[in-house]
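Sequential numbering from 4 applies to the sequence shown in this note's numbering. Don't be surprised by glycine CBs; every beta carbon is placed ideally from N, CA and C.
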Amino acid sequence: WIHYAVPNWGLAIICTTLALKLLFVPLTLAASRSAKRMQKIQPELKAINEKYKDNPQKKNTATMELFKQHKVNPMGGCLPLLITMPFFFGFYKMLYSTAELRFAPFLWAHDLSAPDTIGHLLGLPINILPILLGITSFLQMRLTPQPTVDTAQARMMMFTPLIFLFFCYSYSCALSLYSTTNGIFT
């Protein structure tokens with residue numbers, strides 16, 4: 004539908020991505036607020052875990068009491084995002100299989116159904132949008148409140164942008180455009 008108003012497929016992908024993000028802004032904000040509240044009570048949660056490490060029942064009771072006291076719902080950060088996931092997976096799947104994107108140009112890409120390779124360096128293709136996605140994911144990770152102080156999880160989160168870059172590097176330009184636009188807007 005957006006392509007009827009915006010005759011370029013690349014711009015239509017960007018506009019559709021932004022429309023979906025705007026539609027789900029209230030859910031995204033609710034998840035962010037919940038994550039910030041969880042981050043604020045982390046020291047108290049850590050103290051409860053240390054105090055009751057040998058008694059899981061008392062630890063659970065004290066944790067639930069802490070959640071009630073601070074009006075924090077541990078599912079509050081996940082549930083709003085889970086509601087949006089089918090829409091984004093559907094859009095992603097649609098971009099993966101749309102024939103109209105074949106040979107449709109956008110900016111430097113000559114074909115939205117293929118990777119946006121602009122050249123090669125040491126035999127490896129240089130794809131701009133997946134690199135932008137990796138940078139965006141890294142910045143987004145740094146700006147997002149971290150719900151835990153576990154060093155192993157923090158290290159794993161550090162490598163998530165690299166994993167995204169690795170998986171998305173050979174994606175079609177349309178999928179990379181969607182993912183990058185989604186990340187930048189987020």
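### Message
I need the boundaries of the beta strand (DSSP E) containing I129, first residue and last residue.
### Response
On the sequence shown, residue 129 is found 126 positions in, with the first residue counted as 1. That run of the beta strand (DSSP E) goes 127-130.
### Message
Are the CB atoms of P118 and Y55 within a distance shorter than 8 Å?
### Response
Here residue 55 is taken as the residue at index 52 of the sequence shown, counted from 1. Here residue 118 is taken as the residue at index 115 of the sequence shown, counted from 1. No.
### Given 8 Å, three or more beta-carbon pairs between the stretch 91-103 and the stretch 54-70
no
### Query
Just reading off the beta strand (DSSP E) that L124 is part of, what are its end residues?
As a working note, residue 124 is residue 121 in the sequence shown. Taken as a continuous stretch (DSSP letters only), the beta strand (DSSP E) holding L124 covers 120-124.
### Query
Where does A117 fall in DSSP's three states?
Start at 1 with the first residue of the sequence shown, and residue 117 comes out as number 114. In the structure shown, A117 sits in coil (DSSP, three-state: anything other than H, G, I, E or B).
#### Entry: Enclosing alpha helix (DSSP H) for R190 [first to last residue]
No answer is possible for residue 190: it lies beyond the span of the chain, which begins at 4 and ends at 189.
### Query
Below 8 Å between beta carbons: does that hold for L125 and Y181?
To locate residue 125, count along the sequence shown from 1; it is residue 122. To locate residue 181, count along the sequence shown from 1; it is residue 178. Not closer than 8 Å, so no.
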